[in-house]
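Report on one structure; see the data block that follows.
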Amino acid sequence: MAEENTTLTKAELAEMLFDRVGLNKREAKDIVDTFFEEIRESLAKGEPVKLSGFGNFQVRDKPARPGRNPKTGEVIPIAARRVVTFHASQKLKAIVEQGEAYDPNSEYALQD
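Sequential numbering from 32 applies to the sequence shown in this note's numbering.
Okay, structure coming up:
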C-alpha cells in the first residue's frame, strides 16, 4: 500500500498486481493501462462509469454563464463545457472515514 503522504501512481498499481496476483510486470502494466483507457473512452462518449463498491463517474454538460473579473468587476463570458464528476460509493466513504484503521476483511471491503 502507498506510504503516508505519497500519491498512488499507475506504476504502483501495476507493481501491486505483480506482487499480489502473480502477473508478470508487462501483463500488470497492460491491465492497468487498459482499465484506465476503457474508463477514458466511456467518459469521452458521455457514458457513465459505475465501479461497484468504489463510485460513479459521470459526464455533465455545464452551460455557458457570465463570470466576473474579481479585480475589475468586468463581466466575462464563460463558455459551455463538459466536466467529469465523481461520486464515491457508501463503501468507499466508510473506508476513507476509517482511515488507517481500515480492515480489508470488514463489511466495507471492496469485494462483492
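Every residue gets a Cβ at the ideal spot worked out from N, C-alpha and C, and that includes glycine. Every value quoted in this text rests on a predicted model; they were computed, and no experiment measured them.
Inter-residue spacing [alpha-carbon to alpha-carbon] between Gly104 and Gly98:
9 Å
DSSP three-state label for Lys41, please.
helix
Leu48 beta carbon less than 9 Å from that of Leu54:
yes
So, do the segment 110 to 117 and the segment 87 to 95 have three or more beta carbon pairs nearer to each other than 8 Å?
yes
Is there at least one non-hydrogen atom of the ligand HEM closer than 8 Å to the beta-carbon of Thr103?
Among the ligands in the structure shown, none appear at all, so the ligand HEM cannot be discussed.
Among Ile107, Lys102, Val80, Ala110, nearest to Ser120 - alpha-carbon criterion:
Val80
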